[in-house]
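Protein chains: 2
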Amino acid sequence: MHLEPVRDLPEIRNGDDLADLIADRATLESADVLTVASTIVSKAEGRTADLDDYPESGRARELADRIEAITGEEKDPRFAQAVLEESTELLIDAPFLLTETRFGHICVNAGIDRSNVPDHDLLLLPKRPTHSAERIRNGLTERGIDDVAVIVTDTCGRPFRHGQRGVALGWAGMPASRDWRGERDRDGRELGVTVQSVVDELSAAANLVAGEGAGGTPAVVVRDWEFGDLEGSDELFRSVDDDLVRQALRRWEWRGDE
Amino acid sequence: MHLEPVRDLPEIRNGDDLADLIADRATLESADVLTVASTIVSKAEGRTADLDDYPESGRARELADRIEAITGEEKDPRFAQAVLEESTELLIDAPFLLTETRFGHICVNAGIDRSNVPDHDLLLLPKRPTHSAERIRNGLTERGIDDVAVIVTDTCGRPFRHGQRGVALGWAGMPASRDWRGERDRDGRELGVTVQSVVDELSAAANLVAGEGAGGTPAVVVRDWEFGDLEGSDELFRSVDDDLVRQALRRWEWRGDE
Numbered sequence: 001m002h003l004e005p006v007r008d009l010p011e012i013r014n015g016d017d018l019a020d021l022i023a024d025r026a027t028l029e030s031a032d033v034l035t036v037a038s039t040i041v042s043k044a045e046g047r048t049a050d051l052d053d054y055p056e057s058g059r060a061r062e063l064a065d066r067i068e069a070i071t072g073e074e075k076d077p078r079f080a081q082a083v084l085e086e087s088t089e090l091l092i093d094a095p096f097l098l099t100e101t102r103f104g105h106i107c108v109n110a111g112i113d114r115s116n117v118p119d120h121d122l123l124l125l126p127k128r129p130t131h132s133a134e135r136i137r138n139g140l141t142e143r144g145i146d147d148v149a150v151i152v153t154d155t156c157g158r159p160f161r162h163g164q165r166g167v168a169l170g171w172a173g174m175p176a177s178r179d180w181r182g183e184r185d186r187d188g189r190e191l192g193v194t195v196q197s198v199v200d201e202l203s204a205a206a207n208l209v210a211g212e213g214a215g216g217t218p219a220v221v222v223r224d225w226e227f228g229d230l231e232g233s234d235e236l237f238r239s240v241d242d243d244l245v246r247q248a249l250r251r252w253e254w255r256g257d258e
Numbered sequence: 259m260h261l262e263p264v265r266d267l268p269e270i271r272n273g274d275d276l277a278d279l280i281a282d283r284a285t286l287e288s289a290d291v292l293t294v295a296s297t298i299v300s301k302a303e304g305r306t307a308d309l310d311d312y313p314e315s316g317r318a319r320e321l322a323d324r325i326e327a328i329t330g331e332e333k334d335p336r337f338a339q340a341v342l343e344e345s346t347e348l349l350i351d352a353p354f355l356l357t358e359t360r361f362g363h364i365c366v367n368a369g370i371d372r373s374n375v376p377d378h379d380l381l382l383l384p385k386r387p388t389h390s391a392e393r394i395r396n397g398l399t400e401r402g403i404d405d406v407a408v409i410v411t412d413t414c415g416r417p418f419r420h421g422q423r424g425v426a427l428g429w430a431g432m433p434a435s436r437d438w439r440g441e442r443d444r445d446g447r448e449l450g451v452t453v454q455s456v457v458d459e460l461s462a463a464a465n466l467v468a469g470e471g472a473g474g475t476p477a478v479v480v481r482d483w484e485f486g487d488l489e490g491s492d493e494l495f496r497s498v499d500d501d502l503v504r505q506a507l508r509r510w511e512w513r514g515d516e
């Protein structure tokens, strides 16, 4: 498996054609996987916003005030309002906001970025990252580049372990995971491991070569990797029913005494 | 970045020298990262066990009975006893066991494997995976192969997202994460992203080429990847104090009505 960053992408603006810009800078081949950071997908899709677009509700002010009181850091209630509007459920409301976005991904502040946009206050996540991935894939096909899988990526933290990792938000041209159920080990015993989240692993791998900041490259080509002939699944985001941690968080409230 | 599986490793037995076996089958170079699946590390370290080694305590019988009643699947109380003995804290006690292992990793059943050992009932995780990684790294150095970082890997699930991903259990020759704090984006603004868990991302990447089962390759060489000159940290496992999810789980109990 080989990973190569796509170099020299320009600053992306609303309306830019990412398939075009990437195809001009990378030699993509059939069966490659292309990862694209959600930041540039959002910029191309005009998912920028300003704090003034989000007049605060009473609930947003309440959340912001409480977090400010706990952390001592100023929290703009309009930002809390933006997070609420991008989310379907608030999983943690203090000392930070952990929410489920409208497309099912769980992350801090609904993934809204305050550091990455030159002319606006906020960069929202793509509205439907899987649709974004499909559009890029179709754009490549229109340019005669067939059969490239596309993953829209982000980085986020996770319970139990420090640090951020590359994760997939949307994907096209491949399933999200592959299913080893029924496969056997060397001694013929059925495997304990079942479903492997390959889109997350590909996003993590890509994040190792993408880097961050001024020298970062938001698109990466993965070559010589095969999904293989295993069954695939597109279920990536857990629902409350099959996520004990979500159930536990529903009953929990931050007290600050722990 | 390039990843290559180490092919044709034999079935690993207690006392085997993994550095030797791997060096014979891979051309390792300075600055490579070598990932080694915990299964073969455990086998080489004799971390096999049998159910009879774990006479059940009352607590283990209680746990096993409850899980059996909930799931309808037979649960050996000696297995629950083994999980308890490998763990320092039980985070979830039903409908499955999620624990913190003695070296700080949180996973189901303390990572004990029932499918991977030919002559025993159980394969435990390595006792101190970071020590295991150091031993392999030193073994390579003794063979004249300097400056190879080693990561002992496993796969595990995670809250909020389906499927398993490669994760790091122990590492040597590199920090666990790199710290982008203070780095700036193209517009000179400080980055939102801070600490990147590179050992987890390398483990996820390796898991893409390692595969599972009879055709699986438990060791992978990562080449042409650089940590860079960022600050590093070896904190990977969160403590209760900085993990709201762990705090939430402490107050939670499975009721089955959700």
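Residue numbers (my numbering), protein chains in the order written: chain U, 1 to 258; chain X, 259 to 516.
We put the CB at the ideal spot given by N, CA and C, even for glycine.
Listed along chain U, no residue sits closer than 8 angstroms to X/E331 by beta-carbon distance, the nearest being about 14 angstroms off.
For U/D154, the uninterrupted beta strand (DSSP E) run begins and ends at A149 to R158, by DSSP. U/D50 sits exposed, since fewer than 16 C-beta atoms from the chains shown fall within 10 Å of its C-beta. DSSP, read as helix, strand or coil, puts X/E392 in helix. Within the same chain, Cβ atoms closer than 8 angstroms to the Cβ of X/A302 are found at I270, R271, N272, G273, D274, D275 and L276, the five residues on either side in sequence being excluded. Around the CB of U/S239, fewer than 16 other CB atoms lie within 10 Å, so the residue is classed as exposed.
In this structure, DSSP gives U/A172 an extended state, which the three-state scheme calls strand.
Close partners of X/I364 in chain U (Cβ separation under 9 angstroms): P159, F160 and R161. Among the bridge pairs identified by DSSP, X/G369 is matched with none. For X/A477, the enclosing beta strand (DSSP E) begins and ends at A477 to R481. Put simply, the backbone Cα of X/L355 is about 16 angstroms away from that of X/G316. Within a 10 Å sphere around the beta-carbon of X/T285 sit fewer than 16 other beta-carbons, which makes this residue exposed. With respect to chain X, the C-beta atom of U/L244 has a partner C-beta closer than 8 angstroms. Between X/I350 and chain U, the shortest Cβ-Cβ separation is below 8 angstroms. DSSP places U/D179 in no alpha helix (DSSP H) but in the uninterrupted beta strand (DSSP E) bounded by S177 to D179. Interface criterion met: the Cβ of X/N465 is under 8 angstroms from a Cβ in chain U. Against chain U, the beta carbon of X/R496 has neighbours under 8 angstroms at P159, F160, R161 and H162, listed in chain order. Of the residues assessed, U/E74 falls on the exposed side of the cut-off, its CB having fewer than 16 other CB atoms within 10 angstroms. The Cβ-Cβ distance between U/S177 and U/G215 does not fall below 8 angstroms. Taking a beta-carbon distance threshold of 8 angstroms, U/D65 does not count as an interface residue toward chain X.
Excluding five sequence positions before and after X/V341, the CB atoms of its chain that fall closer than 7 angstroms to its own CB belong to L355, T357, N367, A368 and I370, given in chain order. With contacts defined as CB atoms closer than 8 angstroms, X/G514 and X/I364 fail to qualify as a contacting pair. Contact of U/L125 with chain X by beta-carbon distance below 9 angstroms is absent, the smallest such distance being about 13 angstroms. Taking all protein chains shown into account, X/G486 has fewer than 16 neighbouring C-beta atoms within 10 Å of its C-beta and is therefore exposed.
In the DSSP assignment, X/E459 falls outside any beta strand (DSSP E) and within the unbroken alpha helix (DSSP H) covering V456 to A468. Under DSSP, U/V117 takes part in no beta bridge, so it has no partner. Nearest to U/E235 by C-alpha distance, out of X/F418, X/D501, X/V467 and X/D500, is X/F418. Neighbourhood of X/S455 in chain U, by CB distance below 7 angstroms: R161, H162, G163, Q164 and R165, in chain order. When the alpha-carbon of U/A60 is set against those of U/T141, U/A80 and U/V41, the nearest one is in U/A80.
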